[in-house]
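In the numbering used here, the protein residues as written are 637 to 1262.
This is the structure we're talking about:
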């Protein structure tokens, strides 16, 4: 419920977006999120409470849209799957905390709720005061009922009390802080022997029995997916637009009925000085009334601060009447608000006005058109549902309602044709292909919301089951994969033998000379394999392996991501003194405190999930073709 408000009015940078996704997994784990085969309109059950698919899909859509606004084309399908997982886990977490706060009897008073709403910047005017009209507009534009929002806020604040109580960090002992600093800031220098993978190394051809056995071993890697041919109807505002029109008489009537809505209120150019107590404010006002210059008044040392052009409702409660009773250039008597004692000055008056019919005619036309289109769309969806209930086919529905009948396929659940190419022209809704593949062959799905005021219904016309490819179909690929496996196994044996020699004392130089290999000197890398400027020097796991060795010792053979191997010998370690780096030591303390927080929350999550059963029925949306 609060996602829409938070996302609409909070500034988020790209790094924080992914931090949120990652931390939700760190704190709570993704466990069973991608297990299960679905359960109708429920994506999860937490302690008997159901999390609806409709609410889940809306939250995913909001979150994905926000990420797209920041990332543009960089937001891809794998990121969308991460968003789905993060949203579901977040909803599970919220439900767990709701259940626990209810069990503990934690509650938040109506006054605390009201204060939180008044202090929310999303609901404040430019002058920093709570604006009830803006509050109602924000909720309305986000599709949220005020009662539901208040209850969601109450639950969130109760959960915040619980978490704050749990996570009061103890002080980090000084020896532990020093140890953490040395651990995180230690650097090492090493020599690394590289043993490259040769994709063209000669390997004898396998016999028929060998390749048949290998094909059986890797059969799952050679599967033809299920393909479906589908028919569908997509329904959106464009389907009813041609039947919607608004004449001038209706516009004139709407204008007369809503003229006050278009009125532009009177505004004042206002400046203010805010003081902490009434005595100072009274002294300031008295001096101003006596004609003293602002610069000569001690209480006015900050000078008047311009608020800009404000309407009466933009000002803090109690200030509007006082300010709008002033003439241009006049000062107000001190006005008390929640922020202190204000002395206002009006520097300009901007009269209000009510725009004429012609000025708002097109705006009214758009509003009425949208309203009629929404009503017509709703009526059309009702007709389609009635037709489906009566057993009409998609062809009959499309003909009777003059709607286009779309067809596509064969396509896989990833949206690819049998040649591996993206099927073009499919509806862009994330749930479309998923529904097409969860509907039995020959059946018609329910009318489903796709987003952006669009609906769709889909039928699986023909299903070609997935199957394993025969050896004859993929023999060349299987032989190549077998040979590559032989090359990797031979290279691993060679690397292990060289590493064993190095650990017994043979120098890397001797091994390099004998084997025709090269040695690289890697300077000042940390435990993550990074050097100066956060430059990648070694794979993190290899760097960790070298950090476990004493200077002069050789590592085991390390298999790198490109198929090559590496053997490292540590030359020396550089361990810094925490007493010479106060800032770095403080950062180490902060890291320890964060680790404590994450570990505590992880343990608490485990406790909650053991106390309240969590069952997930969600399967991720398949990645669309690239």
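For glycine and all other residues, C-beta sits at the position ideal for the given N, C-alpha and C.
**Asked** Is the Cβ-Cβ distance between residue 828 and residue 1158 less than 8 angstroms?
**Response** As a working note, residue 828 is residue 192 in the chain shown. As a working note, residue 1158 is residue 522 in the chain shown. Contact: yes.
**Prompt:** Residues bridged to residue 1058 by DSSP?
**Reply:** For the purposes of this step, residue 1058 is taken as residue 422 along the chain shown, with counting starting at 1. Per DSSP, 1052.
**Prompt:** When you compare each of 1076, 870, 937 to residue 1062 by their alpha carbons, which one comes out closest?
**Reply:** Position 426 of the chain shown holds residue 1062. Closest option to residue 1062, Cα to Cα, is 870.
**Message:** Just list the residues that DSSP pairs residue 1090 with in beta bridges.
**Reply:** Here residue 1090 is taken as the residue at index 454 of the chain shown, counted from 1. Its beta-bridge partners are 1087.
**Asked** Whose CA, out of 947, 997, 900, 852, lies closest to the CA of residue 982?
**Response** What you label residue 982 is simply residue 346 of the chain shown in a count that begins at 1. The residue with the shortest Cα to Cα distance from residue 982 is 947.
**Rounded separation between residue 775 and residue 816 - CA only** = In the chain shown, the residue the question calls residue 775 occupies position 139. In the chain shown, the residue the question calls residue 816 occupies position 180. Each residue's Cα considered, the two are about 47 angstroms apart.
**Message:** What does the Cβ neighbour count give for residue 673, buried or exposed, with the cut at 16 atoms within 10 Å?
**Reply:** Counted from its first residue, the chain shown places residue 673 at position 37. Bear in mind that a pLDDT of 40 at residue 673, under 50, signals an unreliable position, so the number given afterwards is only what the model happens to contain. That one is exposed.
**Own chain residues within Cβ distance below 7 angstroms of residue 961, not counting five before or after** = The sequence position of residue 961 within the chain shown is 325, counting from 1. So the list is empty, once near-sequence residues are dropped.
**Prompt:** With distances taken between CB atoms, is the gap from residue 1199 to residue 1191 smaller than 8 angstroms?
**Reply:** Counted from its first residue, the chain shown places residue 1199 at position 563. Counted from its first residue, the chain shown places residue 1191 at position 555. Contact: no.
**Message:** Please tell me whether residue 749 and residue 771 are closer than 8 angstroms, where the distance is taken between their beta carbons.
**Reply:** As a first step, residue 749 is located in the chain shown; it is residue number 113 there, counting from the start. As a first step, residue 771 is located in the chain shown; it is residue number 135 there, counting from the start. Going by C-beta atoms, residue 749 is not nearer than 8 angstroms to residue 771.
**Message:** Tell me the DSSP secondary structure of residue 745 in three-state form.
**Reply:** Start at 1 with the first residue of the chain shown, and residue 745 comes out as number 109. In the structure shown, residue 745 sits in coil (DSSP, three-state: anything other than H, G, I, E or B).
**Prompt:** According to the neighbour-count rule (16 or more other Cβ atoms, all chains shown, within 10 Å of its Cβ), is residue 693 buried or exposed?
**Reply:** Position 57 of the chain shown, counted from the first residue, corresponds to residue 693. Buried, since its Cβ has 16 or more Cβ neighbours within 10 Å.
**Prompt:** So, do the region 1114-1130 and the region 732-740 have three or more beta carbon pairs nearer to each other than 8 angstroms?
**Reply:** no
**Prompt:** Rounded to a whole number of angstroms, what is the C-alpha to C-alpha distance between residue 746 and residue 795?
**Reply:** As a first step, residue 746 is located in the chain shown; it is residue number 110 there, counting from the start. As a first step, residue 795 is located in the chain shown; it is residue number 159 there, counting from the start. Looking at the two C-alpha atoms, the distance is approximately 16 angstroms.
**Asked** Under 8 angstroms, do residue 972 and residue 949 count as touching if we go by C-beta distance?
**Response** Looking up residue 972 in the chain shown gives position 336. Looking up residue 949 in the chain shown gives position 313. No, the pair does not count as a contact, with Cβ atoms beyond the cut-off.
**Item:** Chain-order list of residues whose beta-carbon lies under 6 angstroms from that of residue 668 (same chain, five-residue window excluded)
**Value:** Against the chain shown, residue 668 aligns to sequence position 32. A caution first: residue 668 carries a pLDDT of 38, below 50, which makes its placement in the model unreliable, though a value can still be read off. Taken in chain order, the residues that qualify are 1252.
**Asked** Helix, strand or coil for residue 1250 per DSSP?
**Response** As a position in the chain shown, residue 1250 is number 614, starting the count at 1. In the structure shown, residue 1250 sits in a strand (DSSP, three-state: E or B).
**Prompt:** On the three-state DSSP scale, how would you describe residue 1243?
**Reply:** The residue given as residue 1243 occupies position 607 in the chain shown. Correct three-state label for residue 1243: helix.
**Request:** May I have the straight-line CA-CA distance separating residue 1040 from residue 837, to the nearest angstrom?
**Result:** Position 404 of the chain shown holds residue 1040. Position 201 of the chain shown holds residue 837. Between residue 1040 and residue 837, the C-alpha separation is close to 58 angstroms.
**Message:** Nearest by alpha-carbon distance to residue 840: which of 686, 1123, 1213 is it?
**Reply:** Within the chain shown, numbered from 1, the residue matching residue 840 stands at position 204. When only C-alpha atoms are compared, the closest one is 1123.
**Nonlocal neighbours in the same chain, by C-beta distance under 7 angstroms from residue 1086, ignoring five residues either side** = For the purposes of this step, residue 1086 is taken as residue 450 along the chain shown, with counting starting at 1. Counting only Cβ-Cβ distances below 7 angstroms, and skipping sequence neighbours, we find 1063, 1065, 1067, 1068, 1092.
**Best match in 926, 943, 945, 919 for proximity to residue 935 [C-alpha to C-alpha]** = One-based indexing of the chain shown puts residue 935 at position 299. The shortest C-alpha separation from residue 935 is found at 919.
**Message:** With a threshold of 7 angstroms on Cβ separation, who are the neighbours of residue 659 within its own chain once the five nearest residues in sequence on each side are excluded?
**Reply:** As a first step, residue 659 is located in the chain shown; it is residue number 23 there, counting from the start. Its pLDDT being 38, under 50, residue 659 is placed unreliably in this model, and the coordinates cannot settle the point.
**Item:** Helix, strand or coil at residue 1215 [DSSP, three-state]
**Value:** Counted from its first residue, the chain shown places residue 1215 at position 579. It is helical.
**Item:** In DSSP terms, what residue 868 is bridged to
**Value:** Walking along the chain shown from the start, residue 868 turns up at place 232. In the DSSP output, where bridge partners are listed per residue, residue 868 has 1042, 1094.
**Prompt:** Of all the options 1169, 1104, 1245, 1137, which has the alpha carbon lying nearest to the alpha carbon of residue 852?
**Reply:** For this step, residue 852 is matched to residue 216 along the chain shown. Nearest C-alpha to residue 852: 1104.
**8 angstroms Cβ shell around residue 1024 - same chain, five flanking residues per side excluded** = Residue mapping note: residue 1024 aligns to position 388 of the chain shown, counting from 1. Cβ within range, chain order: 1033, 1080, 1082, 1083, 1093.
**Asked** Which value, in whole angstroms, describes the spacing of the CA atoms of residue 1144 and residue 1155?
**Response** Numbered from 1 along the chain shown, position 508 holds the residue referred to as residue 1144. Numbered from 1 along the chain shown, position 519 holds the residue referred to as residue 1155. Whole-angstrom Cα-Cα distance: 7 angstroms.
**Request:** For the beta strand (DSSP E) containing residue 905, list its first residue and its last residue.
**Result:** In the chain shown, the residue the question calls residue 905 occupies position 269. Here the beta strand (DSSP E) through residue 905 covers 903-911.
**From 1189, 959, 1151, residue whose alpha carbon lies closest to that of residue 1139** = Locating residue 1139 in the chain shown gives position 503, counting from the first residue. Residue 1139 has its Cα closest to that of 1189, out of 1189, 959, 1151.
**Request:** Could you have a look at residue 966 and say whether DSSP puts it in helix, strand or coil?
**Result:** If you number the chain shown from 1, residue 966 lands on position 330. Of the three classes helix, strand and coil, the one that applies to residue 966 here is coil, per DSSP.
**Message:** Out of 1197, 1207, 1227, which one is the CA nearest neighbour of residue 1185?
**Reply:** Numbered from its first residue, the chain shown carries residue 1185 at position 549. Out of 1197, 1207, 1227, 1207 has the C-alpha closest to the C-alpha of residue 1185.
**Asked** If you count every other CB in all the chains shown that lies within 10 Å of the CB of residue 908, and 16 or more means buried, which is it?
**Response** Here residue 908 corresponds to residue number 272 of the chain shown, with the count starting at 1. With 16 or more Cβ atoms within 10 Å of its Cβ, residue 908 is classed as buried.
**Message:** residue 1076 and residue 1096 - do their beta-carbons sit closer together than 8 angstroms?
**Reply:** The residue given as residue 1096 occupies position 460 in the chain shown. The residue given as residue 1076 occupies position 440 in the chain shown. Taking 8 angstroms as the Cβ cut-off, residue 1096 and residue 1076 qualify as a contacting pair.
**Message:** Which residue marks the beginning of the beta strand (DSSP E) containing residue 1193, and which one marks its end?
**Reply:** Position 557 of the chain shown, counting from 1, holds the residue named residue 1193. Neither: residue 1193 is in no beta strand (DSSP E) and is coded neither H nor E.
**Item:** Best match in 1173, 813, 714 for proximity to residue 1231 [C-alpha to C-alpha]
**Value:** As a position in the chain shown, residue 1231 is number 595, starting the count at 1. It is 813.
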